[in-house]
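*Asks:* Handing you a structure now.
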Amino acid sequence: MTWNINIYTWKFRLTKLASLLLIAYAISVSTVLFQTIVNNRLLSPSIMGFDQLYILIKTITIYFLGSLSLPFLNEEGQFILEALILIIFSISLFRWLFSGSLKGLHLTLLIGVILGGFFFSLRIFMQLQLSPDQIMNLTDIMFANFNKFNTALISFATIIVFIVSLIGWRSRHLLDILALGRENALNLGVDYHKSATAILIFVSILVSISTSLVGPITFFGLLVANLSYELSPQVKHSVVVPMAILLAVICLVGGQFILEQVFNMAGRLSFIIEFCGGTVFLISLMKGKLK
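Quick look at the structure:
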């Protein structure tokens, strides 16, 4: 019996560790890539309302189809459908706004803020129409919780992340050019709109993965991305991205370990991370670092 308990314990811990590593990777990489597109180190995919849209999609699914969600799709199929909707939204938004105008970027960010608030309000309105049992099905992704993961998606999400990473790593030099800004990238012969759209697809996939696994997190990506810029010896993405991943892993795995073993779970890691990330964001704003 002891052997079975040990096996269960190790399986649970390894699954939890894999989830934390996957979440750390998805959030850190998506934030760095997004900041490369918008050329601003104090913004994240959340400013575009990506996580709120993903939760809204889940809410609409339960609202119209019931608590059983989509009975003809498994967990992976539902994730693909929801991620595709998020990708279509992001690509449509960029193609609409990037019509050659230099104001496209700023207009994108402004509309992203408005849409994020709209998605949140619409989600709250629809949730008021749901039964308590249906709301319980949304609880796991409505609030970030590093103690409870959607384990059914871990293997599938790992494969998706691996494929996206292979494609993205081959474009690391292109990312260095895009970081110079739209005009400089165009002068160097880069198709900015096409490249930005491709990167936005990667960002949408990673945001879908992190949100589906643990829920929405606003400031964690900002925290690790800005720390990686400060600590990296070079500004190349081949250095900054791995640094951001490493810092994210240290924060999540180390923070969760300390919270469990030292403080006996007297608190939630998501609250601590959001507080630290929000503090860094406000300090940076007050220092006038926002471009």
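In terms of the UniProt record's numbering, the sequence shown opens at residue 1 and continues consecutively. Glycine is no exception: its CB is placed at the ideal position from the N, C-alpha and C atoms.
#1: Within the continuous alpha helix (DSSP H) that includes ALA185, where are the two ends?
#2: For ASP191 and THR59, I'd like the C-alpha separation in whole angstroms.
#3: Mind checking HIS237: buried by the 16 CB within 10 Å criterion, or exposed?
#4: Note down the Cα distance separating ALA248 from ILE80, rounded to an integer number of angstroms.
#5: Tell me whether LEU259, by its Cβ, gets closer than 7 Å to a heavy atom of the ligand FAD.
#6: Just the Cα atoms here: how many angstroms apart are VAL280 and ALA26?
#7: Out of curiosity, what's the CA-to-CA distance linking LEU153 and GLY77?
#8: If GLN127 sits next to ILE135, beta carbons under 8 Å apart, how far is it from one beta carbon to the other, in whole angstroms?
#9: Can you give the Cα-Cα distance for LEU68 and ASP133, rounded to whole angstroms?
#10: Return the CA-CA distance between LEU269 and GLY255, expressed in angstroms with no decimal places.
#11: Please classify LYS58: does DSSP put it in a helix, a strand, or coil?
#12: Between VAL262, ILE272 and LEU227, which lies nearest to ILE245 when the distance is taken from Cα to Cα?
#13: Could you give the DSSP three-state label for residue 377: helix, strand or coil?
#14: Among the candidates SER165, ILE159 and ILE57, whose CA atom is the shortest distance from the CA of VAL241?
#15: Which of the three DSSP states is assigned to ASN40 in this structure?
#16: Drop a sphere of 10 angstroms on the beta-carbon of VAL262, count the other beta-carbons inside from all chains shown, and report buried for 16 or more, exposed for fewer.
#17: Suppose the cutoff is 6 Å on Cβ atoms and the five residues either side in sequence are ignored; what does the same chain contact list for ILE85 look like?
#18: Give the DSSP-derived three-state secondary structure of VAL262 in the structure shown.
#19: Mapping the DSSP letters down to three states, classify GLN134 as helix, strand or coil.
#20: Does the count of Cβ pairs from the stretch 187-204 and the stretch 7-21 closer than 8 Å reach three?
#21: Would you kindly report the start and end of the unbroken alpha helix (DSSP H) that includes SER195?
#22: Would you mind sorting VAL32 into buried or exposed? The rule is 16 or more other CB atoms within 10 Å of its CB.
#23: Which term fits SER210, buried or exposed, when burial requires 16 or more other beta carbons within 10 angstroms of its beta carbon?
#24: For the alpha helix (DSSP H) that ALA248 lies in, which residues bound it at each end?
#25: Is it right to say SER19 is buried, meaning 16 or more other beta carbons lie within 10 angstroms of its own, or is it exposed?
#26: Kindly indicate the opening and closing residues of the alpha helix (DSSP H) around SER165.
#27: If contact is defined by three or more beta carbon pairs under 8 Å, each pair taking one atom from either stretch, is the stretch 111-121 in contact with the stretch 40-48?
#28: Decide if GLN234 is buried, meaning its Cβ has at least 16 other Cβ atoms within 10 Å, or exposed.
#29: Apart from the five residues just before and just after ILE177, which ones in its own chain have a Cβ nearer than 8 Å to its Cβ?
*Replies:* So, from the data block:
#1: 182-187
#2: 37 Å
#3: buried
#4: 25 Å
#5: The ligand FAD is absent from the structure shown, which contains no ligands of any kind.
#6: 21 Å
#7: 10 Å
#8: 6 Å
#9: Because LEU68 carries a pLDDT of 48, less than 50, the predicted location of this residue cannot be relied on, and no value is offered for it.
#10: 7 Å
#11: helix
#12: LEU227
#13: Beyond the ends of the chain as shown, which are 1 and 291, falls residue 377; an answer cannot be given.
#14: SER165
#15: coil
#16: exposed
#17: ILE57
#18: coil
#19: helix
#20: no
#21: 192-214
#22: buried
#23: buried
#24: 237-249
#25: buried
#26: 154-170
#27: yes
#28: exposed
#29: ASN184, ALA185, LEU188 and VAL190
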